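Residue numbers (our numbering), protein chains in the order written: chain A, 337 to 531; chain B, 337 to 531.
Taking it in order: structure first as structure tokens, then the write-up.
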DNA sequence: ATTATTTTTGAATCATAATTCAAAAATAAA
DNA sequence: TTTATTTTTGAATTATGATTCAAAAATAAT
């Protein structure tokens, strides 16, 4: 018998994140991913069904991690809704900014997967967004958030703004310092730009 | 001599917008674009250098139109900065929602072009964003906008939120009525979610 | 009508890269 | 060691679709 050496699946996944980030999903080549992972091209197909399967697993890992942490946040009843909203934003920033390449992939390839609409993917994504929804609803109920805001729209508003800003940071970290982004996002969401 | 019949360049451009919107730039086939435009595959190459050139022209047309209108808005000195900001948002919504397919292309393929970084493209895009910047700066100067906001971040914040919401609308117009989006966006930007 | 010129065509070419698979290498068990 | 089994390899296959180009069609001029 022979036993698998190292953790090639993990190596390939990490390489894929880098390569997808640099070239974008469609331009990224399997051979390049294999090269970065220090693995033969053929090995990629031992661990993954095909190219799309790799992207799918990248997202599944991310959503599942975020979802787990969000769950913890929501059940912490000592926090106000505003604090929970801040906490959610912090979590997203923490996870995405811990890995610049992952951030770029998430931000840019989301749409591709939504189109091909694989199971497994939308599952996590939907759960993830619905937790945000719960927080806003509670906030409106106890009058700490304005009732004029449409929850579905607000949710996507925040998601879109963060998505785009994280992309700005990933492309030009110097011009878009992440902590400044984080602080501005929280402030604009809470108070807007009016003085 | 023979003269060109109809306006094939326009037909191809319009077909390309539809096809890019439906499949995404990379999955879209030139042969499909030709089919929708009622033109032979080869004709596409009479009017455009290659596939990317088509995408480039789609964006160039859009930015140039928006830029023109924005210019008018900024020099209208009878408007307050808050009104100008509202006006900008309205213009973006007007242009994008007039053509659902165009909206999807703009929202999803922006990144692709920014990577290949063709001249002509970034030119318009930069001018476009810098007008927004001017409005915000004036607003801060005359104390109608908060000075705590970083202009560069705010600009991208708004752009990202709108970009994502327009995509939501283009995908599910029923669930994301455009006027509701427009009104919510303006309100969140001005006052935030706090009550 | 005939000719000259331009536009249009779409099948053939070419390039690229995803995927496969038979052979080689590595390890464990005997 | 030798054998059996599993992992790894990477060149060959295959699929796809962008791009080309020689021929056909259309029109204007003569």
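Built from N, CA and C at the ideal position, the CB exists for glycine as well.
Predicted model, so just to flag it, every value in this text is computed and none were measured.
#1: Under 8 Å, CB to CB, which of the residues in the stretch 509 to 530 of chain B have a partner in chain A?
#2: Quick one: is residue 355/A buried, meaning 16 or more other Cβ sit within 10 Å of its Cβ, or exposed?
#3: Does DSSP put residue 481/A in a helix, in a strand, or in coil?
#4: Report the rounded CA-to-CA distance for residue 422/B versus residue 468/B, giving the unit in angstroms.
#5: In angstroms, rounded to a whole number, what distance separates the CA positions of residue 359/A and residue 448/B?
#6: Return the residues of the stretch 381 to 398 of chain B that lie within a Cβ-Cβ distance of less than 7 Å from chain A, sorted by chain order.
#7: Looking at residue 488/A: is its Cβ nearer than 9 Å to the Cβ of residue 511/B?
#8: Residue range of the alpha helix (DSSP H) that residue 506/B falls in?
#9: Kindly indicate the opening and closing residues of the alpha helix (DSSP H) around residue 442/B.
#10: In chain B, which residues lie with their C-beta within 8 Å of the C-beta of residue 485/A?
#11: Using a Cβ-Cβ distance under 9 Å, would residue 375/A count as near chain B?
#12: With burial defined as no fewer than 16 other Cβ atoms inside 10 Å of the residue's Cβ, what is the status of residue 382/B: buried or exposed?
#13: Hey, would you say residue 363/B sits closer than 9 Å to residue 362/A, going by beta carbons?
#14: Determine whether the Cβ of residue 435/A lies closer than 9 Å to any Cβ atom of chain B.
#15: Can you tell which of 486/B, 425/B and 445/B has its C-alpha closest to the C-alpha of residue 524/B?
#16: Out of 478/B, 521/B and 484/B, state which residue places its alpha-carbon closest to the alpha-carbon of residue 492/A.
#17: Thinking C-beta only, is residue 436/A closer than 9 Å to residue 370/A?
#18: I'd like to know whether the C-beta atoms of residue 398/A and residue 438/A end up nearer to each other than 9 Å.
#19: Inspect the beta-carbon positions of residue 429/B and residue 494/B and report whether they are closer than 9 Å.
#20: Taking the straight line between their C-alpha atoms, what separation do you get for residue 387/A and residue 366/A?
#21: With 9 Å as the threshold, decide whether the Cβ of residue 342/A is near any Cβ in chain B.
#22: Please state whether the Cβ-Cβ distance between residue 518/A and residue 500/B is less than 9 Å.
#23: Take residue 420/B and list the residues in its own chain whose beta-carbon comes closer than 7 Å to its own, dropping the five residues that flank it on each side.
#24: With 16 other CB atoms within 10 Å as the buried threshold, where does residue 373/A fall?
#25: Let me check understanding here. Comparing Cα to Cα, which of 392/B, 345/B, 394/B and 486/B lies closest to residue 376/B?
#26: Between which residues of its own chain and residue 475/B is the CB-CB distance below 6 Å, once the five residues before and five after are set aside?
#27: How would you label residue 402/A, buried or exposed, when you count the other beta carbons within 10 angstroms and need 16 or more for buried?
#28: Contact defined as beta carbons within less than 8 Å: I believe residue 445/A pairs with residue 391/A. What is the distance between those atoms, to the nearest angstrom?
Looking at the atomic coordinates:
#1: Within the stretch 509 to 530 of chain B, the qualifying residues are 511, 512, 516, 517, 520, 521, 523, 524, 525, 526, 527, 528, 529 and 530.
#2: Residue mapping note: residue 355/A aligns to position 19 of the first chain, counting from 1. Result: buried.
#3: Reading the first chain from its first residue, position 145 is the one you call residue 481/A. Strand.
#4: The count along the second chain starts at 1 and reaches residue 422/B at position 86. The count along the second chain starts at 1 and reaches residue 468/B at position 132. Spanning the two alpha carbons is a distance of roughly 11 Å.
#5: Indexing the first chain from 1 puts residue 359/A at position 23. Indexing the second chain from 1 puts residue 448/B at position 112. Going from the Cα of residue 359/A to the Cα of residue 448/B covers about 9 Å.
#6: Against chain A - using a Cβ distance shorter than 7 Å - the stretch 381 to 398 of chain B contributes no residues.
#7: By one-based count along the first chain, residue 488/A stands at place 152. By one-based count along the second chain, residue 511/B stands at place 175. Yes, the pair counts as a contact, with Cβ atoms nearer than the cut-off.
#8: As a position in the second chain, residue 506/B is number 170, starting the count at 1. First-last of the alpha helix (DSSP H) with residue 506/B: 487 to 507.
#9: What you label residue 442/B is simply residue 106 of the second chain in a count that begins at 1. Counted as a single uninterrupted DSSP element, the alpha helix (DSSP H) harbouring residue 442/B occupies residues 436 to 452.
#10: Mapped onto the first chain, residue 485/A falls at position 149. Listed along chain B, the residues sitting closer than 8 Å to residue 485/A by beta-carbon distance are 520, 523, 524 and 529.
#11: Residue numbering aside, residue 375/A sits at position 39 when the first chain is read from its first letter. Not closer than 9 Å to any Cβ of chain B, the Cβ of residue 375/A fails to qualify, so no.
#12: Stepping through the second chain from its first residue, residue 382/B is reached at position 46. Looking at its Cβ environment, which holds fewer than 16 other Cβ atoms inside 10 Å, residue 382/B is exposed.
#13: Residue mapping note: residue 363/B aligns to position 27 of the second chain, counting from 1. Residue mapping note: residue 362/A aligns to position 26 of the first chain, counting from 1. Inclusion of residue 363/B and residue 362/A in the CB contact set at 9 Å is warranted, their separation being smaller than that value.
#14: For the purposes of this step, residue 435/A is identified with residue 99 of the first chain, where counting begins at 1. The beta carbon of residue 435/A does not come within 9 Å of any beta carbon belonging to chain B, so the residue lies off that interface.
#15: Taking the first residue of the second chain as 1, we reach residue 524/B at position 188. Of the candidates 486/B, 425/B and 445/B, the residue whose Cα lies closest to the Cα of residue 524/B is 425/B.
#16: Residue numbering aside, residue 492/A sits at position 156 when the first chain is read from its first letter. When C-alpha distances from residue 492/A are compared across 478/B, 521/B and 484/B, the shortest belongs to 521/B.
#17: Residue numbering aside, residue 370/A sits at position 34 when the first chain is read from its first letter. Residue numbering aside, residue 436/A sits at position 100 when the first chain is read from its first letter. In this structure, residue 370/A lies away from residue 436/A, with their beta-carbon atoms at least 9 Å apart.
#18: For the purposes of this step, residue 398/A is taken as the residue at position 62 of the first chain. For the purposes of this step, residue 438/A is taken as the residue at position 102 of the first chain. In contact: residue 398/A and residue 438/A (Cβ atoms closer than 9 Å).
#19: Position 93 of the second chain, counting from 1, holds the residue named residue 429/B. Position 158 of the second chain, counting from 1, holds the residue named residue 494/B. No. Outside cutoff.
#20: Here residue 387/A refers to the residue found at position 51 when the first chain is read from its first residue. Here residue 366/A refers to the residue found at position 30 when the first chain is read from its first residue. Rounded to the nearest angstrom, the two C-alpha atoms are 7 Å apart.
#21: Within the first chain, the letter at position 6 stands for residue 342/A. For residue 342/A, the answer is no, since every Cβ of chain B falls outside 9 Å of its Cβ.
#22: Residue numbering aside, residue 518/A sits at position 182 when the first chain is read from its first letter. Residue numbering aside, residue 500/B sits at position 164 when the second chain is read from its first letter. No, the Cβ-Cβ distance between residue 518/A and residue 500/B is not below 9 Å.
#23: By one-based count along the second chain, residue 420/B stands at place 84. Short of 7 Å from the beta carbon of residue 420/B, and not among the five residues preceding or following it, lie these beta carbons of its own chain, in chain order: 409, 410 and 471.
#24: Residue numbering aside, residue 373/A sits at position 37 when the first chain is read from its first letter. The C-beta of residue 373/A has 16 or more other C-beta atoms within 10 Å across all chains shown, which makes the residue buried.
#25: Here residue 376/B refers to the residue found at position 40 of the second chain. The residue with the shortest Cα to Cα distance from residue 376/B is 345/B.
#26: Taking the second chain and counting its residues from 1, the one referred to as residue 475/B is at position 139. 417 and 481.
#27: Here residue 402/A is taken as the residue at index 66 of the first chain, counted from 1. Counting Cβ neighbours within 10 Å, residue 402/A comes out buried, since at least 16 surround it.
#28: If you number the first chain from 1, residue 445/A lands on position 109. If you number the first chain from 1, residue 391/A lands on position 55. Contact flag correct, Cβ pair sits at about 6 Å.
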